[in-house]
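Single-structure report; data block below.
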Amino acid sequence: MSEITYTADEMMTITAARQLRNRAVCFVGIGLPSAACNLARLTHAPDLVLIYESGTVGTRPDSLPLSIGDGELAETAVAVVPLPEVFSYYLQGGRVDVGFLGAAQIDRFGNLNSTVIGEYERPTVRLPGAGGAPEIATHAREVLIIMKQSPRSFVASLDFRTSGGYLEGHGARRAQGCPGAGPRTVITDIGILRPHPQTEELRLVALYPGKTLQEAKAATGWPLQVDDDIEILAPPEAADLRALRELHARTAVAHASPVRIPIPLNANARGR
Amino acid sequence: MSEITYTADEMMTITAARQLRNRAVCFVGIGLPSAACNLARLTHAPDLVLIYESGTVGTRPDSLPLSIGDGELAETAVAVVPLPEVFSYYLQGGRVDVGFLGAAQIDRFGNLNSTVIGEYERPTVRLPGAGGAPEIATHAREVLIIMKQSPRSFVASLDFRTSGGYLEGHGARRAQGCPGAGPRTVITDIGILRPHPQTEELRLVALYPGKTLQEAKAATGWPLQVDDDIEILAPPEAADLRALRELHARTAVAHASPVRIPIPLNANARGR
Amino acid sequence: MEPMPLREAIARHVHDGQSVALEGFTHLIPFAAGHEIIRQRRRDLQLLRMTPDVIFDQMIGMGCVRQLTFSWGGNPGVGSLHRLRDAVEHQWPAPLALIEHTHGEMAVAYQAGASGLPCGLMRRGAQTDLAQASAAGVRHVPCPFSGIALTAVPAINPDVTILHAQQVDAAGNVLIRGIVGAAKEAAMAARCVIVTVEEQVERLEADINSIVLPAWIIAAVSIVPGGAYPSYAHGYYPRDNRFYQEWDVIARDRQGFESWMQRHVLEVPDHAGHLQLLGVSA
Amino acid sequence: MEPMPLREAIARHVHDGQSVALEGFTHLIPFAAGHEIIRQRRRDLQLLRMTPDVIFDQMIGMGCVRQLTFSWGGNPGVGSLHRLRDAVEHQWPAPLALIEHTHGEMAVAYQAGASGLPCGLMRRGAQTDLAQASAAGVRHVPCPFSGIALTAVPAINPDVTILHAQQVDAAGNVLIRGIVGAAKEAAMAARCVIVTVEEQVERLEADINSIVLPAWIIAAVSIVPGGAYPSYAHGYYPRDNRFYQEWDVIARDRQGFESWMQRHVLEVPDHAGHLQLLGVSA
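Those protein sequences? They're chains A, B, C and D, same order as listed. Position 94, counted from 1, in the first sequence is what the numbering used here calls 94; the numbers after and before it change by one each time, with no gaps. Position 146, counted from 1, in the second sequence is what the numbering used here calls 1146; the numbers after and before it change by one each time, with no gaps. Position 273, counted from 1, in the third sequence is what the numbering used here calls 2273; the numbers after and before it change by one each time, with no gaps. Position 116, counted from 1, in the fourth sequence is what the numbering used here calls 3116; the numbers after and before it change by one each time, with no gaps.
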């Protein structure tokens, strides 16, 4: 495999990882956020603090967990705390620098939908729901969003607002007294969007190599604004790609190993 | 020492211990309550559950702790939980059968003062204060009070109400919606008082052997009511006395042992 | 307290129509107890669980459930719970009422329930549609001191909370090790607590600050090795991530789901039989 | 984070006039840190502690304290704190303002502070005089759902929280073992956390559910063996109950107190010197 060949997922993950400064405290979701945070920790940000909502604080897994509460997250954590504590003392307590979110839909102000497509009472698609996203969106000092860009996901109007970004923009979030600064960065498979300083509408500020403004606009369900100084990002560095692929390889091995449950021979005697 | 010789403290402690049924969950204070609860556990109530406010749940100390948080309470506990948890999940959560309280002053409705003698702002004597007593008095299913009887402590009017008993009596406590039933039993060095079913005023219902109604009335700062069927209690049984004295003997040894702190030789080098 | 067979514990303590929480956050999910509830054909249950997992997908698909209180309803790391979706989207096999929370809200609701409080507080979040849409009934109230916007969440007090844990000792005290989620709060909030454990030991050789539920909090303990499978029991066996991925296929259509449940749950006498049939017991 | 000498930690982080919590419930009371504050002659402190113990008696008697927030102010198992009483009853050496709570209230106040909430809730208790008399300012509010009578308690967020703990590891994470009181809440509620520990180790060999404060919560760690004496550090040394009994005599009169403090705290350079003079270091 040549070093300059890479997938859109890889570019997204590496771009997201690069947003994280060393020693930041990150509240991590499963999937691309988890991959990005662990990649950052394994490359330029070795002292990144990862908190998963399962209560694993300062965890350093060797492979990526499938679920938010895999055993390795607990084994490699500095502390494993009850879930109410991670939400109250850490997240609501203002101890989290970066919250990482994805969703099914995003609107131009960074509000997210992960609840339903269609009407709430009679949904076309029932999605998993809020989880901790509304609290992460509210309390993390800043929020990173990572989502593939398409007209179905980048929509003019959300079917349901699960988590608040800049609300209606123009300072509405600040006016409501939200502690965190909101979604400062949206990383897609095409580039990066950031809010306009006044209107808080998301604007395209960077494009991946080989991606075009036309592609970005076509993949957005509202008339996408573009920053004057749009940046064309460099392709991933070989070291980052290698670290990410090794992480995924370790993960594949870990998830494929069969589970065997040791049942004591006298189990029947003792009381089932 | 003859088996029928005993002190007023011993009679009080043994009488208090006898109030406790096996398997009851007791929230225990230091001093006479702690002695009574542990005596009960070592005699007729081996499965008594003792909770100290230090968060030691189901503790079984071999000697009496001096403080509410001595190490042995933690070492012999089923669980050691943070203090907020013992007050919220155990006490306020309604998991405590018996709360055990003492105080500097008690009034005829079982209200207690452990805050000040004199005015709050300019007290003659500043007492330690509330601690967990108001919550114990409110939430325990029932409260046992253990106090020496004298006109200075059994008063017509409290200088300060730290913990609520039957408030102004006549169902005032129930009307306020307090979860627990209040002070069902007051054990003194003269006998036992219990609330009148209607007025909820404390009445003398039992006398220790050798004590008289006159003594009880003289030791009470209000006109003491006496139950028609007043009981004369038997002297302590030899086995109870022996268990109590052995407990105190073990306690004296434990508290007298000198403390030595092992200071590592390289402590100075490492950073004081 | 003597451990009792799980069949007896469920028969005695879980009744049609009750509110029943099965907690454990990804870890220690009481699968064996859920299966036993399915086998005993309980109906109209009001289930509670922060993260309805495969076990709730199974209970919902088998028609045990009238109402679901939850905060995230997916197959963790895999995708949808198809039986949950089918119930919500097409009322199959029966309509399913949702009481929907955020994680933060549901944690506060359990904490309030455990604390004998009628409600708990959190900071009001950035405005969303959930408070209006959901039947969870949170309310916005100002802080009585500062006026800061707060959200009051009604307490949760399940009729029954069911947990899986590692060990019970001779006296009936239960040790929970590892990721604990809101298990302790769900137990302390409940009127009745049932626990399945991997094994009984004479003494819990547990650290002083371990999470131990005292025996007198618990109504019934059953010894069920592997009782959390396909989730996991820290120190005993890992999560079977592969099974979670396979479940996505099994549960996708109604018939495949029903025949799998018939064969793997209804037609086996107990959890040991279930594990044997799946070929995971060693 | 490198451990720093306690003298430097106090000089850098504790300033006149600040609100400073020294927590630890009977266990792990940060005596060494309190003595260092006395040596550095801090003034006008607003101290917080659920159970003002001998260390607060000393700080109050030495004139460091303007205000005390507390819930039980005695010498545990012995009786009065004579210096605290003298300050309240006779304003010696200076008037002492009291913010007085119950244990339950103060626990809720720390929890609210740790949770980023402006206040916390508890069930309203049987009516007492404390709510009116104390400057703690709790308020009675109805539950917005049930109307049940509740008490709202304003959050506590100390400028500085000081704890003593057993161990710090190479990365700066701190292990607290045994009775923990409200130490964790006081730390999470604080703007700045200082910890003294018995020793530094490469790795905390701690159980998975141990109470560990992550390094990034903490502003300064100092290694002070015996730093909780005459209270105790579980696994290191027991409580010196005899000293607590002796303190009743030492602190009873002003002159005896002052000369004891002069000799045993002010005239020794640090905690090692203090322990040596008391003859308790082995």
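All C-beta atoms, glycine included, are put in the ideal place defined by N, C-alpha and C.
Taking 8 Å as the CB threshold, Ile3010(D) stays off the interface with chain A. In this structure, Val3197(D) lies near Val3174(D), with their beta-carbon atoms less than 8 Å apart. Inter-residue distance for Ala1017(B) and Ser1034(B) is about 10 Å (C-alpha atoms, whole angstroms). Gln105(A) is bridged by DSSP to Asn113(A). By the Cβ-count criterion, Ile1192(B) is buried, with 16 or more other Cβ atoms from all chains shown falling within 10 Å of its own Cβ. For a Cβ distance threshold of 8 Å, residue set Arg1161, Gly1164, Leu1167 and Gln1176 of chain B lies close to Gln3127(D), ordered along the chain. The C-beta of Ser2146(C) comes no closer than 8 Å to any C-beta of chain A. Judged by their CB atoms, Phe2031(C) and Gly2227(C) are nearer to each other than the 8 Å cut-off. In this model, Ala2220(C) and Gly2279(C) are separated by some 29 Å (Cα to Cα). By the neighbour-count criterion, in which a residue is buried when 16 or more other Cβ atoms sit within 10 angstroms of its Cβ, His3140(D) is exposed. Secondary structure at Arg1023(B): coil, using DSSP grouped into helix, strand and coil. Under the three-state reduction of DSSP, Phe2243(C) is assigned to helix. Of all C-beta pairs linking the segment 68-84 of chain A to the segment 3-10 of chain A, fewer than three are shorter than 8 Å, placing the two stretches out of contact. For Pro1033(B), the enclosing alpha helix (DSSP H) stretches over residues Leu1032 to Leu1042. The Cβ atoms of Val25(A) and Phe100(A) do not sit closer than 8 Å to each other.
Per DSSP, reduced to three states, the secondary structure at Phe3031(D) is helical.
In this structure, Val1098(B) and Glu1142(B) form a Cβ contact; the two beta carbons are roughly 6 Å apart against a cut-off of 8 Å. In the three-state reduction of the DSSP assignment, His2013(C) falls in the helix class. Residues of the segment 3170-3187 of chain D with a C-beta atom less than 7 Å from some C-beta of chain A are Asn3173, listed in chain order.
Using a Cβ-Cβ cut-off of 8 Å, Val2212(C) counts as an interface residue toward chain B, since at least one Cβ of chain B sits closer than that to its own. A residue is called buried once 16 or more other Cβ atoms fall within 10 Å of its Cβ, and Gly2147(C), having fewer, is exposed. Cβ contact annotation for Lys3184(D) (same chain, cutoff 8 Å, sequence separation greater than five): Ala3114, Ile3176, Ile3211 and Leu3213, in chain order.
Chain-order list of chain B residues neighbouring Asn2209(C): Val1080, by C-beta distance under 7 Å. When C-beta distances to chain A are compared with 9 Å, the residues of the segment 2238-2267 of chain C below that value are Pro2238, Arg2239, Asp2240, Asn2241, Arg2242, Phe2243, Tyr2244 and Gln2245, in chain order. Of all residues in the segment 3069-3089 of chain D, none has a C-beta nearer than 9 Å to a C-beta of chain A. Its Cα nearest to that of Thr1056(B), the residue Leu1083(B) stands out among Val1253(B), Leu1083(B) and Gly1171(B). A distance of 8 Å or more separates the beta carbons of His2264(C) and His2271(C). Listed by position along chain A, the residues whose Cβ is nearer than 9 Å to that of Val2280(C) are Pro258, Val259, Arg260 and Ile261. Taking all protein chains shown into account, Gly129(A) has 16 or more neighbouring C-beta atoms within 10 Å of its C-beta and is therefore buried. A distance below 7 Å between beta-carbons, with the five flanking residues on each side excluded, links Leu224(A) to the following residues of its chain, in chain order: Leu204, Ala216 and Lys217. Contact check for Ala3135(D) against Ile3099(D) passes: the beta carbons are separated by less than 8 Å. Sequence-distant Cβ neighbours of Glu85(A) in its own chain, meaning closer than 8 Å and more than five residues away, are Gly55. By the neighbour-count criterion, in which a residue is buried when 16 or more other Cβ atoms sit within 10 angstroms of its Cβ, Asp229(A) is exposed. The DSSP-derived three-state label of His3164(D) is strand.
Against Leu3048(D), chain C offers no close residue; the least beta-carbon distance is about 18 Å (beta-carbon pairs closer than 8 Å).
Listed in chain order, the non-local C-beta contacts of His2082(C) below 6 Å within the same chain comprise Ala2251 and Arg2252, local neighbours out to five positions each way being set aside.
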